[in-house]
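In our numbering, the protein residues as written are 27 to 139. Encoded as structure tokens, the structure appears first; notes follow it.
Okay, here's the thing in structure tokens:
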């Protein structure tokens, strides 16, 4: 079964920058669905006392009848199921209306080489 044929959410073009949060996006040209599972952070304290915060996005890629998980650090690219994802930024934002923090990843999606 092809999950993409039943997908009714937001669809994006190859190479288009998109901000993933609660809802997955479909990539028409690849017939794939990409969703954000979660974001994680590692905070390191430098010798000068400043902090270095690195974010990693855990993403789910569905294509055809199969799905795969991939973890990609902000500023890096990774691929799964023939889909390449570049994570430009990952983090969380506060939604005042819902009074909660919502995780996000700003990504571009292309075909894997």
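Idealized CB from N, CA, C, for every residue including glycine.
Residue nearest to residue 63 in terms of C-alpha spacing, selected from 77, 95 and 118: 95
Inspect the CB distances between the stretch 109-118 and the stretch 29-39 and report whether three or more fall short of 8 Å. No, because fewer than three Cβ pairs between the stretch 109-118 and the stretch 29-39 fall closer than 8 Å, the two stretches do not touch.
Have a look at 50, 125 and 57 and flag the residue whose alpha-carbon is nearest the alpha-carbon of residue 136. 57
With DSSP run on the structure shown, which of helix, strand or coil describes residue 85? In the structure shown, residue 85 sits in a strand (DSSP, three-state: E or B).
For the alpha helix (DSSP H) that residue 30 lies in, which residues bound it at each end? 29-32
Quick check on this structure: which residue in 87, 51 and 79 has the alpha carbon closest to the alpha carbon of residue 66? 79
Which value, in whole angstroms, describes the spacing of the CA atoms of residue 125 and residue 119? 11 Å
Alpha carbon to alpha carbon, how far is residue 133 from residue 43? 6 Å
Just curious, the beta strand (DSSP E) that residue 115 is in, first and last residue? 109-121
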